[in-house]
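Chemist: Here's a structure for you.
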Amino acid sequence: MKYSLWIIGSLILGAASLLSVNQKAQRPNILFILADDWSYPYASIYGDQTIRTPNLTKLAQHGTVFTNAYCASPSCTPSRAAILTGRYPHNLGEGVNLCGRLDHRVPTYVQLLEKEGYAVAFDRKGWAPGDFRKMGYTENPAGKTAEFNAFIDKLPANQPFFFWFGTNDPHRPFDLDAGKKSGIDPQKIRLPAFLPDVPDVRGDVADYLSEVERLDREIGDLLQKLERSGQLENTIIVVASDNGMPFPHAKANLYDYGTRVPLLVSSFSKKDLRPKRNDSFVNLIDLMPTFLDWAGVKQRPELDGMSLVPVLSGQKTSHRTEVFLERERHCLCRPEFNYGAGYPMRAIRTKDYLYIRNFRPSRMPAGDETIPNTPSVFGDVDGGPTKVYMMDHRREGPVKNLFALGFGKRPDEEFYVLKNDPYNIRNRVNEAAYTSTIRQLRNRLDQWMQQENDPRRQGGGDQIDKYESTTRAWITKTGIIFLDE
Numbered sequence: 001m002k003y004s005l006w007i008i009g010s011l012i013l014g015a016a017s018l019l020s021v022n023q024k025a026q027r028p029n030i031l032f033i034l035a036d037d038w039s040y041p042y043a044s045i046y047g048d049q050t051i052r053t054p055n056l057t058k059l060a061q062h063g064t065v066f067t068n069a070y071c072a073s074p075s076c077t078p079s080r081a082a083i084l085t086g087r088y089p090h091n092l093g094e095g096v097n098l099c100g101r102l103d104h105r106v107p108t109y110v111q112l113l114e115k116e117g118y119a120v121a122f123d124r125k126g127w128a129p130g131d132f133r134k135m136g137y138t139e140n141p142a143g144k145t146a147e148f149n150a151f152i153d154k155l156p157a158n159q160p161f162f163f164w165f166g167t168n169d170p171h172r173p174f175d176l177d178a179g180k181k182s183g184i185d186p187q188k189i190r191l192p193a194f195l196p197d198v199p200d201v202r203g204d205v206a207d208y209l210s211e212v213e214r215l216d217r218e219i220g221d222l223l224q225k226l227e228r229s230g231q232l233e234n235t236i237i238v239v240a241s242d243n244g245m246p247f248p249h250a251k252a253n254l255y256d257y258g259t260r261v262p263l264l265v266s267s268f269s270k271k272d273l274r275p276k277r278n279d280s281f282v283n284l285i286d287l288m289p290t291f292l293d294w295a296g297v298k299q300r301p302e303l304d305g306m307s308l309v310p311v312l313s314g315q316k317t318s319h320r321t322e323v324f325l326e327r328e329r330h331c332l333c334r335p336e337f338n339y340g341a342g343y344p345m346r347a348i349r350t351k352d353y354l355y356i357r358n359f360r361p362s363r364m365p366a367g368d369e370t371i372p373n374t375p376s377v378f379g380d381v382d383g384g385p386t387k388v389y390m391m392d393h394r395r396e397g398p399v400k401n402l403f404a405l406g407f408g409k410r411p412d413e414e415f416y417v418l419k420n421d422p423y424n425i426r427n428r429v430n431e432a433a434y435t436s437t438i439r440q441l442r443n444r445l446d447q448w449m450q451q452e453n454d455p456r457r458q459g460g461g462d463q464i465d466k467y468e469s470t471t472r473a474w475i476t477k478t479g480i481i482f483l484d485e
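Here's what the structure looks like:
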């Protein structure tokens, strides 16, 4: 049986054939490329004409581009933990927080694939940030560390592999003026409406986009290595991001620019495979069961994710019709609970609406402006030129309202009509015309939280704020300061 049947739909293969020795020898390789802080729609495959991403375009020509993919939580550690385990972050105990503990007893796809004979490794950023040694792990939960070219060269013949390439792009800090130097015109950028339209901010976004272009070039290098080694046609390539862009009103928030991420799945096994676009909803917890299906893993733990194989095979045309999103503690930026107080949020995102519930609206969503005896400054917003500009001009004209959006307090409920408000800046929760819709979404979120046994249901969950951080750092106005414990 040829490998192309795996992308056509491994679920429709018989269990017996999946377990046969011959089939195991022909199981697909999987290359998982995970970007760091890369928001939808910043790639040419999503219609952005500002940047050049030819390798992503090449991948899209051989696969499926998802237009409504969302991370489970817009913060590095819980998002990556959710991908590894196929579980919602709130089901991971201390793993729900940035730099939290991912219990080594929680099954990951790494463990399951290794049991099935896969060679599993990662390069650069895997599960992070945090100290995995404090969680019972002797190595990163993402697997053994390896450089991709050396990993491929040393791979035994006929052994399938899973490799996580965890680029640090486009995470801050950016090289100043890197965007202009790479040929990106700041004036042509479609600036999100929640950011001030000024040269400092446009330049900052251009620098961010230059790192997306660098990500694309590295994807090209990976493809070349696969082709030279003869592995390309037997490798499924998945490209995604852990969360959205490191700007106010984006990363560490449940707004679209914090949670909506690129996702594409590509295979070169069929040269005539037509490129596809799929608009159904995906939560990145769906990746783990997808990986397991491709590898033919039958014995698996309880999962919250749903395999994408039926959609990729054409067996189904849609996946999810909604996604549930969550956030707990991002950085250490509030003095309560020994700096552990987070800003707990839950949300439901549908085709037309975004409904958010803020469980501790008395707290500052971006973190306290200052904390005595620490360098922390609005610690849930990454430091950089945009943050500097907005803080320095917060009392001036149009910046005043945008600063309030990104840094100010919020009500306990938010509701956005996406057709007219793609940047989630007009909260319409108190408008009578939407009373019925809001009630439905509120009830749906409540049902989900009850079904999931979410610790925040009925106002609980303070234990989450008390979980210790495995590493400590302060986010400043311009950057980050790491502390040794």
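Residue numbers (UniProt numbering): 1 to 485. Yeah, the Cβ is synthetic: ideal placement off N, Cα and C, and Gly gets one too.
For Arg260 versus Tyr40, is the C-beta distance shorter than 9 Å?
Modeler: Yes, the Cβ-Cβ distance between Arg260 and Tyr40 is below 9 Å.
Chemist: Express the C-alpha separation of Ser436 and Asn55 in angstroms, rounding to a whole number.
Modeler: One C-alpha to the other measures close to 45 Å.
Chemist: Please go through the same chain and pick out, in chain order, the residues whose beta-carbon is closer than 6 Å to the beta-carbon of Pro365, but skip the five residues on each side of it.
Modeler: Here the set comprises Tyr343, Arg410.
Chemist: Give the secondary structure of Arg52 by DSSP, where H, G and I count as helix, E and B as strand, and everything else as coil.
Modeler: Coil at Arg52, not helix or strand.
Chemist: Among the candidates Leu284, Tyr255, Gln299, His319, whose CA atom is the shortest distance from the CA of residue 491?
Modeler: Past the edges of the chain, shown from 1 to 485, lies residue 491, and the structure says nothing about it.
Chemist: For Ser266, I'd like the list of residues in its chain whose CB is within less than 6 Å of its CB, leaving aside the five on either flank, ordered along the chain.
Modeler: Hits under 6 Å: Leu59, His62, Gly63, Ile237.
Chemist: Run through the region 63 to 129 for me and flag every whole beta strand (DSSP E) of 3 or more residues, listed as ranges in chain order.
Modeler: Fully enclosed beta strand (DSSP E) runs of 3 or longer: 63 to 70, 119 to 124.
Chemist: Assuming Thr145 and Phe122 form a contact by the criterion Cβ under 8 Å, report the distance between their Cβ atoms to the nearest whole angstrom.
Modeler: Confirmed, Cβ separation roughly 6 Å.
Chemist: Can you give me the C-alpha to C-alpha distance between Ile86 and Leu312, rounded to a whole angstrom?
Modeler: Reading off the sequence, residue 86 comes out as Gly, not Ile. Near 18 Å, if we compare the C-alpha coordinates of Leu312 and Gly86.
Chemist: Whole angstroms is fine: what's the gap from Ser234's alpha carbon to Phe268's?
Modeler: First, the amino acid is wrong: residue 234 is Asn here, not Ser. One C-alpha to the other measures close to 8 Å.
Chemist: Taking the continuous beta strand (DSSP E) assigned at Trp474, which residues delimit it?
Modeler: Here the beta strand (DSSP E) through Trp474 covers 472 to 475.
Chemist: List in chain order: all unbroken alpha helix (DSSP H) runs of 4+ residues lying wholly within the region 231 to 289.
Modeler: Whole alpha helix (DSSP H) segments, 4+ residues: 256 to 259.
Chemist: Measuring CB to CB, does Asp169 end up less than 9 Å from Asp36?
Modeler: In contact: Asp169 and Asp36 (Cβ atoms closer than 9 Å).
Chemist: Take the Cβ of Ser362 as the centre, count every other Cβ of all protein chains shown within 10 Å, and call the residue buried at 16 or more, exposed below.
Modeler: So Ser362 ends up on the exposed side.
Chemist: Nearest to Met245 by alpha carbon, out of Cys71, Phe66, His90, Gly460?
Modeler: Taking only the C-alpha atoms, the option nearest Met245 is Cys71.
Chemist: Any contact of the region 148 to 164 with the region 108 to 118, i.e. 3+ C-beta pairs under 8 Å?
Modeler: Cβ pair count under 8 Å is three or more, so yes.
Chemist: If I measure Cβ to Cβ from Tyr255 and keep anything under 7 Å in the same chain, skipping five residues before and after, which residues do I get?
Modeler: His249, Asn424.
Chemist: What's the gap between the Cα of Arg52 and the Cα of Gln451?
Modeler: Rounded to the nearest angstrom, the two C-alpha atoms are 44 Å apart.
Chemist: Using only alpha-carbon positions, find the residue among Arg442, Pro129, Pro196 that is nearest to Arg395.
Modeler: Nearest of Arg442, Pro129, Pro196 to Arg395, Cα basis: Pro196.
Chemist: In three-state terms, what does DSSP make of Leu402?
Modeler: Leu402: helix per DSSP, three-state reduction.
Chemist: Is Trp164 helix, strand or coil by DSSP?
Modeler: Trp164: strand per DSSP, three-state reduction.
Chemist: Report yes or no: do three or more beta-carbon pairs, one from the region 124 to 132 and one from the region 178 to 185, lie closer than 8 Å?
Modeler: Contact fails: fewer than three Cβ-Cβ distances are below 8 Å.
Chemist: For Asn283, is the classification buried or exposed, using 16 other Cβ atoms within 10 angstroms of its Cβ as the cut-off for buried?
Modeler: Asn283 comes out buried.
Chemist: Drop a sphere of 10 angstroms on the beta-carbon of Thr50, count the other beta-carbons inside from all chains shown, and report buried for 16 or more, exposed for fewer.
Modeler: It is buried - the Cβ of Thr50 has at least 16 other Cβ atoms within 10 Å.
Chemist: If you follow the alpha helix (DSSP H) that Arg346 is part of, which residue opens it and which one closes it?
Modeler: Unbroken run through Arg346 is the beta strand (DSSP E), 345 to 349; no alpha helix (DSSP H).
Chemist: Are there 16 or more other CB atoms within 10 angstroms of the CB of Ile189, so buried, or fewer, so exposed?
Modeler: It is buried - the Cβ of Ile189 has at least 16 other Cβ atoms within 10 Å.
Chemist: Could you check how far apart the C-beta atoms of Glu328 and Ile480 are, in whole angstroms? I think they sit under 8 Å.
Modeler: 20 Å between Cβ atoms; not a contact.
Chemist: What residues in its chain sit with their C-beta under 7 Å from that of Leu418, if we drop five residues either side in the sequence?
Modeler: If we look at Leu418 and ignore the five residues flanking it on each side, its Cβ neighbours are Asp352, Tyr353, Leu354.
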